[in-house]
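Its first residue numbered 215, the sequence shown is counted upward by one per residue in UniProt numbering.
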Amino acid sequence: ESGEGKAKAERMFSLMDGFLKNDPISLQKDILDHVEYTVARSRFSFDDFEAYQAVSHSVRDRLIERWHDTHAYFKRKDPKRLYFFSLEFLMGRSLSNSVINLGVRDQYADALNQLGFEFEVLAEQEGDAAQGNGGLARLSACQMDSLATMDFPAWGYGLRYQYGLFRQVILDGFQHEQPDYWLNFGNPWEIERIHVSYAVKFYGTVEEQDLNGGKRKVWVPGEMVEAVAYDNPIPGYGTRNTINLRLWAAKPSDLYDMESYGTGDYINAVINRQKAETISSVLYPDDRSYQGKELRLKQQYFFVSASVQDIIRRFKDSLNDFNQFPEKVALQLNDTHPSLAIPEVMRVLVDEEFLSWKQAWDIVCKIFSCTTHTVVPEGLEKIPVDLLGSVLPRHLQIIFDINFSFMEELKKHFGLDFNRLSQMSIVEEGAVKSIRMANLSIVCCHTVNGVSRVHLDILKTKVFKDFYELWPQKFHYKTNGVTQRRWLVVSNPGLCGLISKWLGTDAWIRDMDLLMGLRDHAGDAELQQEWKMVRRINKIRLAEFIDAMTGMMVSPDAMFDVQIKRIHEYKRQLLNILGIIYRYDCIKNMKESDRRKVVPRVCIIGGKAAPGYDMAKKIIKLCHAVGETINNDSDIDDLLKLVFIPDFNVSVAELVIPGSDLSQHISTAGHEASGTGSMKFLMNGCLLLATADGATIEIIEEIGEDNMFLFGAKVHEVPKLREKAENHRVALQFARVLRMVRDGYFGYEDYFKSLCDSIEGGGDFYLLGNDFASYLEAQAAADKAFVDQERWTKMSILSTAGSGRFSSDKTVGEYAHQTWGIEPCRCPF
Ligand code: CRA
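Here it is as structure tokens:
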């Protein structure tokens, strides 16, 4: 910088009074300033929500300082950057997480105390940012936290939906969906960047024009929409690095549609313009089915196009030689949702930057990697060719061209094996000709990652078998992980304090392997006592929450047995409910002397069903119907309770997980690609009752079979069991509980008929009948272990101690090293 420029900058900095300070007086002053000038309330009179707003704005100021420093530093060092593309980020609340990562939690608590407020109470005022469905979306959020904490030069890109995931309201036991218009109350965690915006094109035609003696393709769009950036700073823990999650919102474009204003129909012209905003208005609430809807396609392209423009602009700011692009850019596709980025980068490089097809293709093959999160072929995204051709005519051509070369390569490799060629083709022929987004991704990405070891096996041997034979080197796995900052430090301060005390350090917050040190103390009576105390306090807090949500009183002496996740047939909430019916039936038929031996249970189920997923909705209703019977049966008393927690989301999970004793992860083996809920429970010392599926298989290796309750068919047994399912002998108890549902013991027999039929007449695809007996055994083993509290607590400590491998820091470190080729870039304090 010039001497003059530097002097000016220094003067401005001194006018600013340096960086913001974090002593209680400075914090109080900042908070009150925000009450007065941002929230525009009198500093003599403001309520909890207004206090929350002011506190958030003062935290945001601190985030912005670090964000600026980080990005100035990245710009100066210009390292290879990772761009993480995901259509969903499930961030939840930000206040507690931010102050903890900034290291100013206690200072804020003190400052607020002196103002007469309690930090915890204010944190409760915040609504969840629910810009995603389930595991995949929360995984993105955890990975952003790890990327920031580990100082990686990374950017997240996604969409800023006006309506997040629907709110679940239960009326008479049935799920109803309500829109989540979350921005109504303002969002202090984002920064609107009106000057960072790009035009995104849709529809129209492709024309050929002459260029230097050759031909070039020009896309003449039929519609243009403006993408405006909203930046969400993501602070790392124990570092100044604060990275960016840039989400795009759709706004009408000024470049387009000028003529319609000349026609005199001014009002309609404005209304039409306004329609552009619908692109980013609503999140699709199905997590595993793709319907080939136009709006969804437009959402995908909208976010991809704006992000690619942003990345290319940033690249050109520092370099102008696209040969160096792969040294500066790694582009990660979270599932196939953002895979239009591939033809988009091709298009920009060839049509707009005038690279040759070959040059562009070489670049594309070096920069893209993807992760797939599904196991079932039906879960794979397909876009009808007609639709794609109409919305993105130039991209369809590019995809056809890519496929043409790919088919030529295949013929060289496999000869004229048409069956194989048609299975591997990016284009699926048939009644509805479509583009297979997974095939497109595999062809163009240098690496395809699965999300657990067994998931990779399934990809290699089933879903992408042909591709694996062709390119074995492309296929890898990185076992999912979750961030201990949110899932322990934010949500379970009691246990955190205890862990740090016994390890003699809190360094595990950045290095989870250290938790292994707890193994040495697992048998220590003093630790066990303290561990039990902390867990009990968490259970009391959960009991109070249940009371507040459902009006039900539950005793913290009972075993809290929890299954919270999206409702899916393969996740087998139905198996859980049938097990509960069995338990109920047993208790009812017991002698008084036996009843005294029963371990009291509170069974807790929570989760949303996709609005169009009929079976899942019936499972929710069944849960309520069974709960209604059990909870009102005076014979049963406190021995068994069934609670459904409505509107499950990130902040509910933060409260429920630390207060659970047992958690269920009971998918039919081979169906859960990874599962991440289990890892959160594990960290919090909750024991797992599980099938050997997804990442659970790796959890077993870490903590040992003896420290959990395993049951059910194994992945390799499932296909055979399915073949003979028809003439399969199911346990007598199973037939009995199913009959109770069928015969209307819990009412609504007509409504539940199809649910029962899916098992009895329908071949029992998810093998509930087969696994029922061993499920009950596992449940009995859990009861037995619970009676011996010393043993239980030891198992609990060993669960936490063995959870280190499931930190997203590990996952992200592996991705950085093996897939993205990026290095940390730590901004000096
Ligand atoms: N539904 C898998 O089913 C996995 C997460 C994150 C899922 C989970 O087993 O833990 O992804 N798949 O990898 C998915 O969303 C589109 O596919 C999930 O969240």
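Glycine residues also receive a C-beta, built at the ideal position from the N, C-alpha and C atoms.
Nearest-angstrom Cα separation, counted from residue 555 out to residue 519
Residue numbering aside, residue 519 sits at position 305 when the sequence shown is read from its first letter. Residue numbering aside, residue 555 sits at position 341 when the sequence shown is read from its first letter. So the alpha carbons of these two residues sit roughly 7 Å apart.
Of the choices 249, 329, 703 and 691, whose alpha-carbon is the least far from that of residue 1027?
By one-based count along the sequence shown, residue 1027 stands at place 813. Per the Cα distances, 691.
I believe residue 658 touches residue 710 by the beta-carbon criterion, under 8 Å. Please report the beta-carbon distance rounded to the nearest angstrom.
Counting from one through the sequence shown, the residue named residue 658 turns up at place 444. Counting from one through the sequence shown, the residue named residue 710 turns up at place 496. Actually they are not in contact, since the Cβ atoms of residue 658 and residue 710 sit about 43 Å apart, beyond 8 Å.
Which word fits residue 440, buried or exposed, when buried means at least 16 other C-beta atoms lie within 10 angstroms of its C-beta?
On the sequence shown, position 226 is the one that residue 440 refers to. Buried is the call here.
Alpha carbons only, please: which of 708, 586 and 705 is nearest the one belonging to residue 656?
As a working note, residue 656 is residue 442 in the sequence shown. For the residues 708, 586 and 705, the minimum Cα distance to residue 656 belongs to 586.
Using a threshold of 7 Å, is the CB atom of residue 905 nearer than that to any non-hydrogen atom of the ligand CRA?
Taking the first residue of the sequence shown as position 1, residue 905 is located at position 691. Outside the cutoff, so no.
May I ask you to check if the CB of residue 888 is nearer than 7 Å to at least one heavy atom of the ligand CRA?
Here residue 888 corresponds to residue number 674 of the sequence shown, with the count starting at 1. For the ligand CRA, at least one heavy atom lies less than 7 Å from the Cβ of residue 888.
Smallest Cα separation from residue 593: which of 673, 609 and 569?
The residue labelled residue 593 in the question sits at position 379 within the sequence shown. Among 673, 609 and 569, the Cα nearest to that of residue 593 is on 673.
If you measure from the CB of residue 741, is any heavy atom of the ligand CRA nearer than 7 Å?
One-based indexing of the sequence shown puts residue 741 at position 527. Checking the Cβ of residue 741 against the ligand CRA gives no.
With a threshold of 8 Å on Cβ separation, who are the neighbours of residue 328 within its own chain once the five nearest residues in sequence on each side are excluded?
For the purposes of this step, residue 328 is identified with residue 114 of the sequence shown, where counting begins at 1. 238 and 242, listed in sequence order.
Check this for me: beta carbons of residue 668 and residue 917, under 8 Å apart or not?
Against the sequence shown, residue 668 aligns to sequence position 454. Against the sequence shown, residue 917 aligns to sequence position 703. No, these two residues do not count as a Cβ contact at 8 Å.
Candidates 887, 854, 905 and 861: which alpha carbon is nearest residue 877's?
Locating residue 877 in the sequence shown gives position 663, counting from the first residue. The residue with the shortest Cα to Cα distance from residue 877 is 905.
What's the C-alpha gap between residue 415 and residue 1022?
Counting from one through the sequence shown, the residue named residue 415 turns up at place 201. Counting from one through the sequence shown, the residue named residue 1022 turns up at place 808. So the alpha carbons of these two residues sit roughly 36 Å apart.
Alpha carbon to alpha carbon, what distance is there between residue 523 and residue 511?
What you label residue 511 is simply residue 297 of the sequence shown in a count that begins at 1. What you label residue 523 is simply residue 309 of the sequence shown in a count that begins at 1. Roughly 18 Å between the two C-alpha positions.
DSSP puts residue 596 in a beta bridge; with which residues?
Here residue 596 is taken as the residue at index 382 of the sequence shown, counted from 1. Beta-bridge pairing links residue 596 to 650.
Any idea if residue 551 is buried or exposed, counting beta-carbon neighbours within 10 angstroms, 16 or more meaning buried?
Position 337 of the sequence shown, counting from 1, holds the residue named residue 551. Buried, since its Cβ has 16 or more Cβ neighbours within 10 Å.
Any heavy atom of the ligand SAH closer than 7 Å to the CB of residue 929?
Because the ligand SAH does not appear in the structure shown, any question about it cannot be addressed here, the ligands present being the ligand CRA.
Cβ pair count under 8 Å reaching 3, the segment 373 to 381 against the segment 484 to 503:
yes
Could you tell me the distance, in whole angstroms, from the CA atom of residue 881 to the CA atom of residue 907?
Position 667 of the sequence shown, counted from the first residue, corresponds to residue 881. Position 693 of the sequence shown, counted from the first residue, corresponds to residue 907. So the alpha carbons of these two residues sit roughly 7 Å apart.
Identify the continuous beta strand (DSSP E) that holds residue 303 and give its terminal residues.
The residue labelled residue 303 in the question sits at position 89 within the sequence shown. Residue 303 -> beta strand (DSSP E) spans 303 to 306.
Ignore the nearest five residues each way along the sequence and tell me which others in residue 417's own chain have a CB closer than 7 Å to its CB.
Here residue 417 refers to the residue found at position 203 of the sequence shown. Cβ neighbours of residue 417 beyond the five flanking positions: 435, 436, 437, 604 and 605.
Is it true that the CB of residue 514 sits closer than 8 Å to the CB of residue 353?
Within the sequence shown, the letter at position 139 stands for residue 353. Within the sequence shown, the letter at position 300 stands for residue 514. In this structure, residue 514 does not lie closer than 8 Å to residue 353 by Cβ.
Presumed contact (8 Å Cβ cut-off) between residue 862 and residue 778, rounded CB distance:
Counted from its first residue, the sequence shown places residue 862 at position 648. Counted from its first residue, the sequence shown places residue 778 at position 564. About 5 Å; that satisfies the 8 Å criterion.
Do the CB positions of residue 368 and residue 295 come within less than 8 Å of each other?
In the sequence shown, counting from the first residue as 1, residue 368 sits at position 154. In the sequence shown, counting from the first residue as 1, residue 295 sits at position 81. Contact flag set, yes.
For residue 829 and residue 719, what's the separation of their Cα atoms in angstroms?
Along the sequence shown, one-based indexing puts residue 829 at 615. Along the sequence shown, one-based indexing puts residue 719 at 505. Roughly 48 Å separates the two Cα atoms.
Local conformation of residue 412 per DSSP, three classes:
Reading the sequence shown from its first residue, position 198 is the one you call residue 412. It is a strand residue.
Selected residue, minimal CA-CA separation from residue 827, among 782, 844, 865 and 842:
Sequence index remark: in the sequence shown, residue 827 carries index 613 (1-based). When each option's Cα is compared against that of residue 827, the closest is 782.
With 16 other CB atoms within 10 Å as the buried threshold, where does residue 486 fall?
By 1-based counting over the sequence shown, the position of residue 486 is 272. Flag for residue 486 reads exposed.
When you compare only the Cα positions, how much space is there between residue 558 and residue 574?
As a working mapping, residue 558 is identified with position 344 in the sequence shown. As a working mapping, residue 574 is identified with position 360 in the sequence shown. Approximately 11 Å, taken between the alpha carbons.
Is residue 348 near the ligand CRA - that is, is its Cβ less than 7 Å away from at least one heavy atom of it?
By 1-based counting over the sequence shown, the position of residue 348 is 134. Yes, the beta carbon of residue 348 sits closer than 7 Å to at least one heavy atom of the ligand CRA.
Do you know how far the Cα of residue 678 is from the Cα of residue 529?
The sequence position of residue 529 within the sequence shown is 315, counting from 1. The sequence position of residue 678 within the sequence shown is 464, counting from 1. Answer to the nearest angstrom: the Cα atoms are 34 Å apart.
How far does the alpha helix (DSSP H) with residue 281 in it extend, from its first residue to its last?
Numbered from 1 along the sequence shown, position 67 holds the residue referred to as residue 281. Here the alpha helix (DSSP H) through residue 281 covers 262 to 291.
Can you give me the start and stop residues for the alpha helix (DSSP H) that residue 634 sits inside?
Taking the first residue of the sequence shown as position 1, residue 634 is located at position 420. Residue 634 -> alpha helix (DSSP H) spans 632 to 638.
By the three-class DSSP mapping on this structure, what secondary structure does residue 934 have?
Within the sequence shown, residue 934 is the residue found at index 720, counting from 1. It is helical.
Hey, how far is the Cα of residue 699 from the Cα of residue 272?
Locating residue 699 in the sequence shown gives position 485, where the first residue counts as 1. Locating residue 272 in the sequence shown gives position 58, where the first residue counts as 1. One C-alpha to the other measures close to 21 Å.
What are the boundary residues of the alpha helix (DSSP H) that includes residue 954?
As a position in the sequence shown, residue 954 is number 740, starting the count at 1. Element bounds for residue 954: 946 to 956.
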